[in-house]
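Protein chains in written order, with the numbering used here: chain A, 1 to 282; chain B, 1001 to 1282.
Ideal placement from N, C-alpha and C gives every residue a C-beta, glycine not left out.
In this text, all values refer to a predicted model and were calculated from it rather than measured experimentally.
For reference, the structure discussed in these notes is given below.
Number of protein chains: 2
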Amino acid sequence: MTIAFQGERGAFSELAAIEYFGGKHKAVSVAQWEDVFTGVEKGKRDFGIIPIENSLGGSIHKNYDYLLQHDLHITGEIYLKISQFLLANKGVTLHHVRRIFSHPQGFEQCRIYLDGLPSPELLPVSNTAAAAKIIKDQCLQDAAAISSMQAAIDYDLRVLARNIEDNKENITRFLILSKKPFRPATTTAMKTSVVFSLKNMAGALFRGLSVFALRDIDLLKIESRPVKGKPFEYMFYLDFAGSELDTPQRNALNHLREITVFCRVLGAYPVGRLAHPEYKKR
Amino acid sequence: MTIAFQGERGAFSELAAIEYFGGKHKAVSVAQWEDVFTGVEKGKRDFGIIPIENSLGGSIHKNYDYLLQHDLHITGEIYLKISQFLLANKGVTLHHVRRIFSHPQGFEQCRIYLDGLPSPELLPVSNTAAAAKIIKDQCLQDAAAISSMQAAIDYDLRVLARNIEDNKENITRFLILSKKPFRPATTTAMKTSVVFSLKNMAGALFRGLSVFALRDIDLLKIESRPVKGKPFEYMFYLDFAGSELDTPQRNALNHLREITVFCRVLGAYPVGRLAHPEYKKR
Chain A
1 MTIAFQGERG AFSELAAIEY FGGKHKAVSV AQWEDVFTGV EKGKRDFGII PIENSLGGSI
61 HKNYDYLLQH DLHITGEIYL KISQFLLANK GVTLHHVRRI FSHPQGFEQC RIYLDGLPSP
121 ELLPVSNTAA AAKIIKDQCL QDAAAISSMQ AAIDYDLRVL ARNIEDNKEN ITRFLILSKK
181 PFRPATTTAM KTSVVFSLKN MAGALFRGLS VFALRDIDLL KIESRPVKGK PFEYMFYLDF
241 AGSELDTPQR NALNHLREIT VFCRVLGAYP VGRLAHPEYK KR
Chain B
1001 MTIAFQGERG AFSELAAIEY FGGKHKAVSV AQWEDVFTGV EKGKRDFGII PIENSLGGSI
1061 HKNYDYLLQH DLHITGEIYL KISQFLLANK GVTLHHVRRI FSHPQGFEQC RIYLDGLPSP
1121 ELLPVSNTAA AAKIIKDQCL QDAAAISSMQ AAIDYDLRVL ARNIEDNKEN ITRFLILSKK
1181 PFRPATTTAM KTSVVFSLKN MAGALFRGLS VFALRDIDLL KIESRPVKGK PFEYMFYLDF
1241 AGSELDTPQR NALNHLREIT VFCRVLGAYP VGRLAHPEYK KR
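Okay, structure coming up:
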């Protein structure tokens, strides 16, 4: 079995895939988030993993758009504790560092630490593991990368500083994607993700949410995204507790379909656990 | 009177400021969005203008965060039609173009046009006007910029292709910021923006929205952002029709304050118009 993830070896998406699948399946790197979706859709990969939300940065909106554009099912989720490390080639000390590579979110998450340095140049790259790969491949002696501890091991880099993120409550939620829906067992705590659009009228969203509130169903997340070609109309993405196996949830979804213009269940899946990544030589 | 905008001369934010203030006030360029907020907060500038939402790309979430972090009032809004142009130095033809500079959103908005070119290198910069400035300042002969028509005039560049955006329904909404609230006149159609957080309990958001629905107040926009340090709790940003000058709206806000943990009115302001930028030699 193979799982597609975006980024280089050592990327947080790969660490999340390893935690979720327990290392039994092979994680395969792709260049773009959308490649994760198309790889699974075309049957080249059995599963895909994408980041959907970070506790500091918020939702990864592009991936919400892709969920709508591609015909896949969410079959699981996992929460990964994110810790950032400043990495450099052997022999390089903090004193030599004039440039730092990372993903823009990496810089954003380590602002306080970066403010304490003598203004190095910050160079954005496509993901934090790519930053580690660049300084290694090019043997850079004046540069460092903000990346994961796993990248330090994978690219044989030195750790200049550890846990440099401003806020320790730094958690990313990842979704598992598959062509086939998850076959839910009633014994597991489940969650359902749904996307819908409403008639453009007063009270429409309130009415949409009422189908859950009236049945005491817990709403876990709401996100809105623009409808292309219809300025300032929105698609709403909701996560709620339970699944269609439960009668109130089944009724709520039927009720929702009555009052929406468009409605699609993106997936029903077991509530994810919080994983602290294990770093391993490999 | 001065208005701070982010980006180089010719940026869409500057065009929006000119449309909003009718060219009577001086628009002053700053480097970062946050500089717009701090400039107004410290009294260096009378007004600030920020993009908050694009009809294709969605909300500019960072600016929602800054609205919460800074103690300013929204006093107005304007919607600007966005058109993208491919610009180059005099003498450069499409045939010479190996590299294209723009803001990532500029590339995103012109995907179909870009797919028709023989894969030029795409180089992201901080805003579309900066892209025009770079090719001009460095006299680049193998490069083009995706930018505004105003940037073509300001930097004396040649237009290689016009209106290259995929979707013509491309509109950005801008907010006007000031230290003092807008003094509303009852004769104008008004809108109010509010931010709040809720107790983490089932039905909380439904209850929050009910204060508007029960009074037939139209909700125009909802956006959620993470609360830092409290993983997977959210701040909600709502825009609704009317202002506290209207009794139902005043009652709804009082009701909202009863049931929220935190609640702040970000501003009440006249509903904005849609402007098509005028391009002028200056």
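Where the beta strand (DSSP E) through residue i begins and ends
| i | result |
| --- | --- |
| Asp1239(B) | Tyr1234 to Ala1241 |
| Lys1191(B) | Met1190 to Leu1198 |
| His73(A) | His73 to Lys81 |
| Lys1044(B) | First-last for Lys1044(B): undefined, no H or E at that position. |
| Val1159(B) | Arg1158 to Ala1161 |
| Arg173(A) | Ile171 to Ser178 |
| Lys1281(B) | Lys1281(B) -> no beta strand (DSSP E), and no H or E assigned at all. |
| Pro226(A) | Leu219 to Pro226 |
Boundaries (first-last residue) of the alpha helix (DSSP H) holding residue i
| i | result |
| --- | --- |
| Phe5(A) | It is not in any alpha helix (DSSP H) - Phe5(A) instead sits in the beta strand (DSSP E) that spans Thr2 to Gln6. |
| Ala1252(B) | Thr1247 to Ile1259 |
| Asn63(A) | His61 to Gln69 |
| Ile1153(B) | Met1149 to Asp1154 |
| Phe47(A) | No alpha helix (DSSP H) holds Phe47(A); the beta strand (DSSP E) holding it covers Phe47 to Asn54. |
| Val211(A) | Ala204 to Ala213 |
Any C-beta of chain B under 8 Å from that of residue i
| i | result |
| --- | --- |
| Lys228(A) | yes |
| Pro231(A) | yes |
| Phe196(A) | no |
| Gly58(A) | yes |
| Phe101(A) | no |
| His70(A) | no |
Chain A contact for residue i (CB, 8 Å cutoff)
| i | result |
| --- | --- |
| Ile1222(B) | yes |
| Glu1169(B) | yes |
| Leu1067(B) | no |
| Ser1210(B) | yes |
| Ala1130(B) | no |
| Leu1027(B) | The sequence as given places Ala at residue 1027(B); Leu does not occur at that position. No, its Cβ sits nowhere closer than 8 Å to a Cβ of chain A. |
| Gly1007(B) | no |
| Asp1218(B) | yes |
| Arg1225(B) | yes |
| Ala1202(B) | yes |
| Ala1213(B) | yes |
| Ser1119(B) | no |
| His1095(B) | no |
| His1061(B) | yes |
| Ser1055(B) | yes |
| Phe1037(B) | no |
| Leu1205(B) | yes |
CA-to-CA distance, residue j to residue i, given in whole angstroms
| i | j | result |
| --- | --- | --- |
| Pro1124(B) | His1103(B) | 5 Å |
| Ile222(A) | Tyr237(A) | 6 Å |
| Cys263(A) | Gln1141(B) | 50 Å |
| Lys180(A) | Met235(A) | 24 Å |
| Lys133(A) | Ser1243(B) | 54 Å |
| Tyr1079(B) | Pro1120(B) | 32 Å |
| Pro1248(B) | Phe1212(B) | 8 Å |
| Leu1209(B) | Phe1174(B) | 25 Å |
| Ile74(A) | Phe37(A) | 11 Å |
| Arg183(A) | Lys1199(B) | 33 Å |
| Ala1011(B) | Val1195(B) | 28 Å |
| Lys1280(B) | Ser1147(B) | 15 Å |
| Asp1137(B) | Ala1145(B) | 12 Å |
| Ala1241(B) | Asn1254(B) | 16 Å |
| Phe59(A) | Tyr1066(B) | The displayed chain sequence assigns Ser, not Phe, to residue 59(A). Approximately 17 Å, taken between the alpha carbons. |
| Ser224(A) | Arg1207(B) | 19 Å |
| Ile1176(B) | Ser1029(B) | 15 Å |
| Thr187(A) | Gly57(A) | 33 Å |
| His70(A) | Val1097(B) | 33 Å |
| Leu1072(B) | Gly1106(B) | 29 Å |
| Glu233(A) | Asn1054(B) | 11 Å |
| Thr1128(B) | Phe1101(B) | 8 Å |
| Leu1256(B) | Arg1250(B) | 10 Å |
| Leu245(A) | Asp239(A) | 16 Å |
| Leu1157(B) | Tyr64(A) | 38 Å |
Cβ-heavy atom distance, residue i to the ligand NAP, below 7 Å
| i | result |
| --- | --- |
| Ser29(A) | This structure lacks the ligand NAP; in fact it carries no ligand of any kind. |
*asked:* So within the stretch 1086-1144 of chain B, which uninterrupted alpha helix (DSSP H) runs reach at least 4 residues, ignoring any that extend past its ends?
replied: 1104-1109, 1111-1115 and 1128-1137
_Using 8 Å as the cut-off, can you tell me whether the stretch 208-218 of chain A makes contact with the stretch 1202-1210 of chain B, which would need three or more C-beta pairs spanning the two stretches below that distance?_
Contact holds: three or more Cβ-Cβ distances are below 8 Å.
*Decide if the stretch 159-176 of chain A is in contact with the stretch 77-87 of chain A; the criterion is three or more beta carbon pairs, one per stretch, under 8 Å apart.*
yes
*Counting pairs of Cβ atoms below 8 Å between the stretch 1113-1132 of chain B and the stretch 266-275 of chain A, do you hit three or more?*
no
*So, do the stretch 253-269 of chain A and the stretch 1003-1018 of chain B have three or more beta carbon pairs nearer to each other than 8 Å?*
no
*asked:* Threshold first: 3 residues or longer. Then list the beta strand (DSSP E) segments lying entirely within the stretch 1012-1036 of chain B, N to C.
replied: 1026-1030
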